[in-house]
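Q: Sending over a structure as structure tokens; questions will come in a sec.
There are 2 protein chains.
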Amino acid sequence: MSQANAEGEATGRSRAADPTRVEGHEAACYRFRPEDHGWEGVERKAYAEAAAGRHFAGIERQVIVGHHSGHPSMQLRYFEIAPGGHSCLEKHRHEHLVIGARGVGRVIVGHEVREVGEKDALYIGPDTPHQFVNTGATPFGFFCIVAADRDRPRDLDPEEHAAIDRNPQARALVRRGPAESI
Amino acid sequence: MSQANAEGEATGRSRAADPTRVEGHEAACYRFRPEDHGWEGVERKAYAEAAAGRHFAGIERQVIVGHHSGHPSMQLRYFEIAPGGHSCLEKHRHEHLVIGARGVGRVIVGHEVREVGEKDALYIGPDTPHQFVNTGATPFGFFCIVAADRDRPRDLDPEEHAAIDRNPQARALVRRGPAESI
């Protein structure tokens, strides 16, 4: 049996084949692998699958908890953005909890700019525009926790774009696609 | 206005006084402070408040997201266990997402024992017995994400205690209180 969440990714992978499982319980352990900043038993995927047709660059995603750990109500993902890369400029009803894990990145939240380094934490509430950008020379990685049952990202309204443009810092950082060039 | 969640902690702290806020949005940034492994604007508390009368030792808690970031549906907490310390042996309906952040600890999950080091991830599903123990010589710290609306921890059933005792590793690690000495 296979299910798909709002991002269209398969979540029904066989648990019998999962060496990370804890016997008799809906529980799992994922050991960190420093040599490639990955987790045992977790697949490394390009971001393309989740955001086809949208404007992003140089992102990899690992769904650590949520791809085959029973039916968790929350998912733990790890995103890594290469130098020069960025996530989509977007908003949605569901919340993000973010924890910096590797390197330093910059993020537009609402119409402000914040820096996210290792162990810095960020709460992005409902309908808050956001975009992660790596302006540095090394990979920028972060954990992002979301509800398993969540809505699809949406584009910003014209007034949200305008608020970003009124802040010189945000205006310099924002990465818009051709359809978003207002 | 003040609210209290399942752990009895105040969540209604004034947001106007919060330097971590993002203007115009339910969003907040909490900068990590390496010198004391804390976060700017986040209070460091003994675990006692949350677990009065229960069996634990040497734990500190910081509620990073959830104490005053609007009304997030998830909370991000950081727990630190001193050498020799441990959390309560407990279970509950709500889930835990755990990410190792500092040092190395051991954890009973169900009736198995796992090690949690930096960036190792752990999913603890509904009604899974668990206990975190620091058997090392340095602090063991981890992030723990939970739903804001959650049930109170409960003691284990006799058969769950027995399953732990049948596993020599778990039996050697478990820390039971006087009332739990079966």
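As given, the protein sequences belong to chains A and B, one line each in that order.
Going left to right, the first sequence walks through residues 1 to 182 as the numbering used here numbers them.
Going left to right, the second sequence walks through residues 1001 to 1182 as the numbering used here numbers them.
Glycine included, every Cβ here is placed at the ideal spot set by N, Cα and C.
Roughly how many angstroms separate the alpha carbons of Ala1016(B) and Gly177(A), rounded to a whole number?
A: The residue you call residue 1016(B) lines up with position 16 of the second sequence. The residue you call residue 177(A) lines up with position 177 of the first sequence. At Ala1016(B) the pLDDT is 44, less than 50, meaning the model places this residue with poor confidence; the figure from the coordinates comes in the next sentence. The straight-line gap from Cα to Cα measures roughly 35 angstroms.
Q: Helix, strand or coil for Ala170(A)? Go by DSSP, reduced to three states.
A: Along the first sequence, read from residue 1 onward, the residue named residue 170(A) stands at position 170. DSSP places Ala170(A) in helix when its eight states are reduced to three.
Q: Val1022(B) and Val116(A): beta carbons closer than 8 angstroms?
A: On the second sequence, residue 1022(B) is found 22 positions in, with the first residue counted as 1. On the first sequence, residue 116(A) is found 116 positions in, with the first residue counted as 1. Not closer than 8 angstroms, so no.
Q: For Arg150(A) and His94(A), which I take to be in contact (beta-carbon distance under 8 angstroms), what is that distance rounded to the nearest angstrom?
A: On the first sequence, position 150 is the one that residue 150(A) refers to. On the first sequence, position 94 is the one that residue 94(A) refers to. Indeed, because the Cβ distance is near 4 angstroms, the residues count as touching under 8 angstroms.
Q: Spatial neighbours of Arg1175(B) within its chain, please: CB distance less than 8 angstroms, with the 5 preceding and 5 following residues excluded, ordered by chain position.
A: In the second sequence, the residue the question calls residue 1175(B) occupies position 175. These residues qualify, in order along the chain: His1055, Ala1057, His1086, Leu1089, Gln1131 and Val1133.
Q: Buried or exposed for Gly66(A), going by 16 or more other Cβ atoms inside 10 Å?
A: As a first step, residue 66(A) must be located in the first sequence, where it is residue number 66. Per the 10 Å Cβ criterion, buried.
Q: Could you tell me the distance, in whole angstroms, from the CA atom of Val1107(B) to the CA atom of Pro1129(B)?
A: Residue numbering aside, residue 1107(B) sits at position 107 when the second sequence is read from its first letter. Residue numbering aside, residue 1129(B) sits at position 129 when the second sequence is read from its first letter. Cα to Cα, Val1107(B) sits roughly 10 angstroms from Pro1129(B).
Q: Kindly indicate which three-state DSSP category Ala28(A) falls into: helix, strand or coil?
A: Within the first sequence, residue 28(A) is the residue found at index 28, counting from 1. Looking at Ala28(A) - three-state DSSP - the assignment turns out to be strand.
Q: Can you tell me the Cα-Cα spacing of Gly125(A) and Cys1029(B), whole angstroms?
A: Stepping through the first sequence from its first residue, residue 125(A) is reached at position 125. Stepping through the second sequence from its first residue, residue 1029(B) is reached at position 29. The straight-line gap from Cα to Cα measures roughly 11 angstroms.
Q: So, with DSSP's three-state summary, where would you put His1130(B)?
A: Here the question's residue 1130(B) lines up with position 130 in the second sequence. Looking at His1130(B) - three-state DSSP - the assignment turns out to be strand.
Q: Check Pro1158(B) in the structure and name its three-state DSSP category.
A: Here residue 1158(B) corresponds to residue number 158 of the second sequence, with the count starting at 1. Pro1158(B): helix per DSSP, three-state reduction.
Q: Whole angstroms is fine: what's the gap from Asp1036(B)'s alpha carbon to Gly100(A)'s?
A: Here residue 1036(B) refers to the residue found at position 36 of the second sequence. Here residue 100(A) refers to the residue found at position 100 of the first sequence. Roughly 17 angstroms separates the two Cα atoms.
Q: Out of Glu160(A), Arg166(A), Phe79(A) and Lys119(A), state which residue places its alpha-carbon closest to the alpha-carbon of Gly146(A).
A: In the first sequence, residue 146(A) corresponds to position 146, counting from 1. Sequence inspection shows Val at residue 146(A); the Gly mentioned does not correspond to that position. The shortest C-alpha separation from Val146(A) is found at Phe79(A).
Q: Return helix, strand or coil for Pro178(A), following the three-state DSSP convention.
A: Walking along the first sequence from the start, residue 178(A) turns up at place 178. Helix at Pro178(A).
Q: Between the beta-carbon of Gly84(A) and the beta-carbon of Phe142(A), is there less than 8 angstroms?
A: Numbered from 1 along the first sequence, position 84 holds the residue referred to as residue 84(A). Numbered from 1 along the first sequence, position 142 holds the residue referred to as residue 142(A). Not in contact: Gly84(A) and Phe142(A) (Cβ atoms no closer than 8 angstroms).
Q: With which residues is Val113(A) paired in a DSSP beta bridge?
A: Position 113 of the first sequence holds residue 113(A). The partner list for Val113(A) (beta bridge, DSSP) reads Ile108(A).
Q: Where does Glu1090(B) fall in DSSP's three states?
A: To locate residue 1090(B), count along the second sequence from 1; it is residue 90. Of the three classes helix, strand and coil, the one that applies to Glu1090(B) here is strand, per DSSP.
Q: Between the Cα of Gly41(A) and the Cα atoms of Tyr47(A), Val63(A), Gly24(A) and His25(A), which residue gives the shortest distance?
A: Here residue 41(A) is taken as the residue at index 41 of the first sequence, counted from 1. Distances from the alpha-carbon of Gly41(A) to those of Tyr47(A), Val63(A), Gly24(A) and His25(A) put Val63(A) closest.
Q: Might you give, ordered along the chain, the residues of its own chain that have their beta carbon closer than 7 angstroms to the beta carbon of Ile182(A), omitting 5 neighbours on each side?
A: On the first sequence, residue 182(A) is found 182 positions in, with the first residue counted as 1. The predicted position of Ile182(A) is uncertain, since its pLDDT is 48 and thus under 50; a value taken from the coordinates is nonetheless stated next. Cβ neighbours of Ile182(A) beyond the five flanking positions: Pro158 and His161.
Q: Report all residues from its chain with a CB closer than 6 angstroms to the CB of Glu1118(B); omit the five preceding and five following residues, and keep chain order.
A: The residue you call residue 1118(B) lines up with position 118 of the second sequence. Cβ neighbours of Glu1118(B) beyond the five flanking positions: Gly1100.
Q: List the endpoints of the continuous beta strand (DSSP E) containing His96(A).
A: The sequence position of residue 96(A) within the first sequence is 96, counting from 1. That run of the beta strand (DSSP E) goes His96 to Arg102.
Q: If the cut is a Cβ gap below 8 angstroms, which residues of chain B does His86(A) touch?
A: Numbered from its first residue, the first sequence carries residue 86(A) at position 86. Neighbours of His86(A) on chain B: none; closest Cβ ~18 angstroms, over 8 angstroms.
Q: Strictly below 8 angstroms CB to CB, what residues from chain A border Pro1072(B)?
A: Within the second sequence, the letter at position 72 stands for residue 1072(B). Correct list: Glu95, Leu97, Tyr123 and Gly125.
Q: By the DSSP assignment, the beta strand (DSSP E) with Glu1060(B) in it spans what residues?
A: By 1-based counting over the second sequence, the position of residue 1060(B) is 60. Start and end: Ala1057 to Val1065.
Q: Under 8 angstroms, Cβ to Cβ, is there at least one residue of chain A near Phe1079(B)?
A: Position 79 of the second sequence holds residue 1079(B). Cβ-Cβ to chain A under 8 angstroms: no for Phe1079(B).
Q: Where does Arg1166(B) land, buried or exposed, given buried means 16+ other C-beta within 10 angstroms?
A: As a first step, residue 1166(B) is located in the second sequence; it is residue number 166 there, counting from the start. Arg1166(B) comes out exposed.
Q: Determine the DSSP secondary structure at Arg1015(B), reduced to helix, strand or coil.
A: Residue 1015(B) sits at position 15 when you count from the first residue of the second sequence. Because Arg1015(B) carries a pLDDT of 42, less than 50, the predicted location of this residue cannot be relied on, and the following value inherits that uncertainty. It is coil, neither helix nor strand.
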